[in-house]
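Quick note: the sequence shown uses this note's numbering, first residue 1286, plus one each step.
For each residue, glycine too, the CB sits at the ideal point set by N, CA and C.
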Amino acid sequence: MKYPRYNYCEFVTGGVMNRNAILSFAQLNEQLRQNKLAGCYRSHFRFTEDFQQYVRETGSVSGYQGSAYTDFLWIDIDTNDPKENILLNLKNSLDTAQTLINRMELEYEIPADHLRYYFSGKKGFHIGIPAEVFGLE
1286 MKYPRYNYCE FVTGGVMNRN AILSFAQLNE QLRQNKLAGC YRSHFRFTED
1336 FQQYVRETGS VSGYQGSAYT DFLWIDIDTN DPKENILLNL KNSLDTAQTL
1386 INRMELEYEI PADHLRYYFS GKKGFHIGIP AEVFGLE
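Structure (structure tokens):
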């Protein structure tokens, strides 16, 4: 793992009202095993132990001014035109995602296999661009 000090993230299960759980990646893997069927997500950002201490002291992730790292910059593509049906919106989102992936490969020389892309589960797609592409440290 690049930057192993950045070994903590925010983990949420059971809805966004259950925020502010800061776990190490070892703890995160255990939580994912325990919550197989629960809707859950983790933050895109990785933090040092200072972030966990901050949240313990304040009770919230809000206002944290310390350092963070991300492995990918994420683009969220949703098409939600209320005048269109959900399948047409989904097709439009897919077309937009495919166009963006093709442009990144052709215009910016980012190989498609370097990207991460996922269906969001309802109406759109997520595309992850490796942080190294932008020279992030």
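Item to check | Candidates 1374, 1403, 1398 and 1329, of which the one nearest residue 1293 by Cα | outcome: 1329
Next on the checklist: Between the alpha carbons of residue 1313 and residue 1336, how many angstroms are there, rounded?
Outcome noted: 15 Å
Checklist entry - Over what stretch of residues does the alpha helix (DSSP H) that includes residue 1318 continue unbroken? => result 1310-1319
Checklist entry - Smallest Cα separation from residue 1327: which of 1373, 1334, 1309 and 1340? => result 1309
Item to check | Bridge partners - residue 1327, DSSP secondary structure assignment | outcome: 1296
Checklist entry - What residue does the alpha helix (DSSP H) around residue 1395 start on, and which one ends it? => result From DSSP, residue 1395 is part of no alpha helix (DSSP H); its letter is neither H nor E.
Item to check | Distance CB(residue 1332)-CB(residue 1353) smaller than 9 Å | outcome: yes
Checklist entry - Out of curiosity, what's the CA-to-CA distance linking residue 1303 and residue 1317? => result 15 Å
Checklist entry - Quick one: what's got a C-beta closer than 8 Å to residue 1401's C-beta in the same chain, skipping five residues either side? => result 1357, 1411, 1412 and 1413
Item to check | With 16 other Cβ atoms within 10 Å as the buried cut-off, status of residue 1384 | outcome: exposed
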